[in-house]
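Data block below; observations after.
Residue numbers (the working numbering): 3 to 231.
Written as structure tokens, this is what we have:
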């Protein structure tokens, strides 16, 4: 069998324990030593391209077969996978959710779980993850579905909004990224309302009286190191 390789940023991919019993990582951290060190009892593989590696032993697996594209439809799975994770942790198990980079697909699953079972809102779940993860960046299509999932679970209008930012290739970002973007850009590069650089999608929707069509976009993730599995 040929050797499988993935290009990832090892710093982003490292294992992080978000809450007791729930961990996240990228593919480069999938070693038997790490599974033993972190006492992993169940692995959630949130990718279509990474196999369930035999060398990790008899750890129970769930494979979600997600592609990291905004067109990937994950909403129907979120209740099932979050309930499964909750049941495993409740019974004393330890769950590791992984994708390739540990940034988008696995982060989406963890955000859904944290929002549903441990946080008041999706926004709070995002900030909780950011305490231990260097980069939490689901693609914009996943963000749309997470926002819809929060509205369904919490019965609220949602805590995260998508905003228009003309500096982004695909023009849309969740507002939880705004502080990071402001910090990265020159002063006055991002303004709200009066500068027309950033617009609230929710406000635009209400003001126009029409509901915009679903237009998913992909935020590319620059990676620079190669990991072998």
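Positions of the beta carbon are idealized from the N, C-alpha and C atoms, including for glycine. Note that the structure is predicted; figures quoted are calculated from it, not measured.
Using only alpha-carbon positions, find the residue among 153, 132, 144 and 156 that is nearest to residue 1. Only positions 3 to 231 of the chain appear in this structure, which leaves residue 1 out of reach.
Can residue 14 and residue 136 be called in contact, C-beta distance under 9 Å? yes
If you follow the alpha helix (DSSP H) that residue 113 is part of, which residue opens it and which one closes it? 107-119
Distance check for residue 107 and residue 81, CA to CA, integer angstroms please. Between residue 81 and residue 107, the C-alpha separation is close to 16 Å.
Same chain, Cβ closer than 7 Å to residue 65, five either side skipped, listed in chain order: 47 and 54
Please report the distance separating the alpha-carbon of residue 150 from that of residue 168. Cα-Cα distance, rounded: 24 Å.
Taking 8 Å as the limit between beta carbons, can you name the residues of its chain near residue 113, skipping five residues before and five after? Taken in chain order, the residues that qualify are 124, 127, 128, 131, 138, 140 and 148.
Just to confirm, is the Cβ distance from residue 95 to residue 40 under 9 Å? Not a contact, by the Cβ cut-off of 9 Å.
For residue 134, the residue or residues it bridges with in DSSP: Answer is none; residue 134 lacks a bridge partner.
First and last residue of the beta strand (DSSP E) that includes residue 166? 164-167
Boundaries (first-last residue) of the alpha helix (DSSP H) holding residue 157: Taken as a continuous stretch (DSSP letters only), residue 157 belongs to no alpha helix (DSSP H), as it is neither H nor E.
In the DSSP output, which residue or residues are listed as bridge partners for residue 18? 26
State the DSSP-derived secondary structure class of residue 44, mapped to helix, strand or coil. strand
Assuming residue 90 is part of the alpha helix (DSSP H), what are its boundary residues? Here the alpha helix (DSSP H) through residue 90 covers 77-92.
Which term fits residue 59, buried or exposed, when burial requires 16 or more other beta carbons within 10 angstroms of its beta carbon? With fewer than 16 other Cβ atoms within 10 Å, it is exposed.
Any idea what DSSP makes of residue 139, helix, strand or coil? coil
Which of helix, strand or coil DSSP assigns to residue 38: helix
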